[in-house]
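Enquirer:
Residue numbers (the working numbering): 109 to 304.
This is the structure in structure tokens:
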């Protein structure tokens, strides 16, 4: 095996792997098994002790529906799609005996706390880990539901900003005409958000 020459690139690849582990709840061993990459090799890539080939990065990305260009675009956030989360759930079901080895115990748990970071984590949890968006919802509906069901009280502008990064990937945003109290259609357009 060769030695890492470009340590900055190795560091960024390792950080991307950390993101995948965090988003998926997988351990390094779980990721190795899922992607069919050797357990000791993936550990060495992660610890930046040996260089990783593009083919191996592709083996890690493929089962999680991550495009290589997205993996190597270090300026953008890496978010697992709904398809990837289904693969992970299926992998979990097939490997019940090895759950403690393949998955971190807190991988799918509901975030706790308060503040801006907690708000981001809660929105991510609702989008990626619940079935809330199987039905199309407006910002007004979400504001009420999130406050009642999750203790997440947000103003509509803040909620929109938190949802923005998921639109086009995990969520779709569709314009509809608002219905007035008298059941007539309003000229005002609102947007409904649902799972993409």
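Built from N, CA and C at the ideal position, the CB exists for glycine as well.
#1: Just to check my reading of the structure: residue 150 and residue 142 have Cβ atoms closer than 8 Å, yes? What is that Cβ distance to the nearest angstrom?
#2: Flag this pair as touching only if the stretch 177-197 and the stretch 122-141 have three or more C-beta atom pairs under 8 Å; answer yes or no.
#3: If you run the structure through DSSP and keep just helix, strand and coil, what is residue 218?
#4: Buried or exposed: residue 182, going by 16 or more other Cβ atoms within 10 Å of its Cβ?
#5: Can you name, in chain order, every residue of its own chain whose Cβ lies under 8 Å from the Cβ of residue 355, other than the five neighbours on each side?
#6: I'd like the list of long-range same chain contacts for residue 67, defined as Cβ closer than 7 Å, with 5 residues on each side in sequence excluded.
#7: The alpha helix (DSSP H) with residue 283 in it runs from where to where?
#8: For a minimum of 3 consecutive residues, which ranges assigned as the beta strand (DSSP E) are wholly contained in the stretch 194-275?
#9: Got a sec? Which residues, its chain only, sit under 8 Å from residue 266 by beta carbon, not counting five neighbours each side?
#10: Find out if the Cβ-Cβ distance for the pair residue 235, residue 278 is shorter than 7 Å.
#11: Among residues of its own chain, excluding the 5 on either side of residue 283, which ones have a beta-carbon nearer than 7 Å to its beta-carbon?
#12: List the endpoints of the continuous beta strand (DSSP E) containing residue 298.
#13: Considering only residues of the same chain and omitting the five flanking positions on each side of residue 189, which have a CB-CB separation below 7 Å?
#14: If you drop the 5 nearest sequence neighbours on each side, which residues of the same chain put their C-beta closer than 8 Å to that of residue 204?
#15: On the CB-based measure, 16 or more other CB atoms within 10 Å of its CB, does residue 260 come out buried or exposed?
#16: Suppose you measure from the CA of residue 254 to the CA of residue 290; what does that come to, to the nearest Å?
#17: Measuring CA to CA, which of 269, 219, 118 is closest to residue 156?
Expert: Result, derived from the coordinates:
#1: Stepping through the chain shown from its first residue, residue 150 is reached at position 42. Stepping through the chain shown from its first residue, residue 142 is reached at position 34. Contact flag wrong, Cβ pair sits at about 10 Å.
#2: Result yes; three or more Cβ-Cβ pairs closer than 8 Å.
#3: Indexing the chain shown from 1 puts residue 218 at position 110. In the structure shown, residue 218 sits in coil (DSSP, three-state: anything other than H, G, I, E or B).
#4: Taking the chain shown and counting its residues from 1, one reaches residue 182 at position 74. Exposed is the call here.
#5: This structure cannot speak to residue 355, because the chain is shown only from 109 to 304.
#6: Residue 67 lies beyond the stretch modelled for the chain, which goes from 109 to 304, so this question has no answer here.
#7: For this step, residue 283 is matched to residue 175 along the chain shown. No alpha helix (DSSP H) holds residue 283; the beta strand (DSSP E) holding it covers 279-287.
#8: Secondary structure remark: continuous beta strand (DSSP E) runs of at least 3 residues inside the stretch 194-275: none found.
#9: One-based indexing of the chain shown puts residue 266 at position 158. So the list reads 227, once near-sequence residues are dropped.
#10: Counted from its first residue, the chain shown places residue 235 at position 127. Counted from its first residue, the chain shown places residue 278 at position 170. For residue 235 and residue 278, yes; Cβs fall inside 7 Å.
#11: In the chain shown, the residue the question calls residue 283 occupies position 175. Within the same chain, residue 283 has close Cβ partners 297, 299.
#12: For the purposes of this step, residue 298 is taken as residue 190 along the chain shown, with counting starting at 1. Per DSSP, residue 298 belongs to the beta strand (DSSP E) from 293-303.
#13: As a first step, residue 189 must be located in the chain shown, where it is residue number 81. Closer than 7 Å at Cβ, skipping near neighbours: 173, 277, 278.
#14: For the purposes of this step, residue 204 is identified with residue 96 of the chain shown, where counting begins at 1. Closer than 8 Å at Cβ, skipping near neighbours: no residue.
#15: The sequence position of residue 260 within the chain shown is 152, counting from 1. Residue 260 is buried by the Cβ-count criterion.
#16: As a first step, residue 254 must be located in the chain shown, where it is residue number 146. As a first step, residue 290 must be located in the chain shown, where it is residue number 182. Rounded to the nearest angstrom, the two C-alpha atoms are 27 Å apart.
#17: The sequence position of residue 156 within the chain shown is 48, counting from 1. Nearest of 269, 219, 118 to residue 156, Cα basis: 118.
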